[in-house]
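One structure below.
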Amino acid sequence: MLTIASDIEVLARFGRALADPIRCRLLLALREAPAHPSDLAEALGISRTRLSNHLACLRDCGLVIAIPVGRRTRYELADERLGHALDHLRNAVVAVEADKTCPDAEARGCC
Numbered sequence: 143m144l145t146i147a148s149d150i151e152v153l154a155r156f157g158r159a160l161a162d163p164i165r166c167r168l169l170l171a172l173r174e175a176p177a178h179p180s181d182l183a184e185a186l187g188i189s190r191t192r193l194s195n196h197l198a199c200l201r202d203c204g205l206v207i208a209i210p211v212g213r214r215t216r217y218e219l220a221d222e223r224l225g226h227a228l229d230h231l232r233n234a235v236v237a238v239e240a241d242k243t244c245p246d247a248e249a250r251g252c253c
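Under this note's numbering, read the sequence shown as residues 143 to 253, first letter to last.
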């Protein structure tokens, strides 16, 4: 059973991974299918060096794993449930955005 401290750490790691748009794009790409870094860099339109830094962050957060395939490395989500979690999180945020229940949301800059 997780403790409150470990729950917070897990959520903080996930938040750190989602804090950058490139890492979000990487997670969404890997949700679709495992991929090699060169393919990911091309699909995202970024340099391999920049991609490497983001993949290292996602590995450190425990969200992706690197699998050696011959002389190359393939990346994939560490657990298929992460793809479902990304879908659920996105759907929840979209639903909340569409259902702003705060009557003064625009005036207060909230919700």
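We put the beta carbon where it would ideally sit given N, CA and C, even for glycine.
The segment 180-199 / the segment 225-238 touching (three or more Cβ pairs under 8 Å): The segment 180-199 is not in contact with the segment 225-238.
Residue environment, V206, which counts as buried when at least 16 other CB atoms sit within 10 Å: Buried is the call here.
Name the DSSP bridge partner or partners of E218? Residue pairing from DSSP places E218 in a beta bridge opposite I207.
Close beta carbons around C166, own chain, < 7 Å, minus the five adjacent residues each side: Result list for C166: L160, in chain order.
Going straight from the alpha carbon of A154 to that of E248, what length do you get? A direct Cα-to-Cα measurement between A154 and E248 gives close to 28 Å.
Considering only residues of the same chain and omitting the five flanking positions on each side of L170, which have a CB-CB separation below 8 Å? Correct list, in chain order: L228.
Check each candidate in D221, E239 and V235 and name the one with the smallest Cα separation from R201. The residue with the shortest Cα to Cα distance from R201 is D221.
Do A240 and R216 have their CB atoms nearer than 9 Å? In this structure, R216 does not lie closer than 9 Å to A240 by Cβ.
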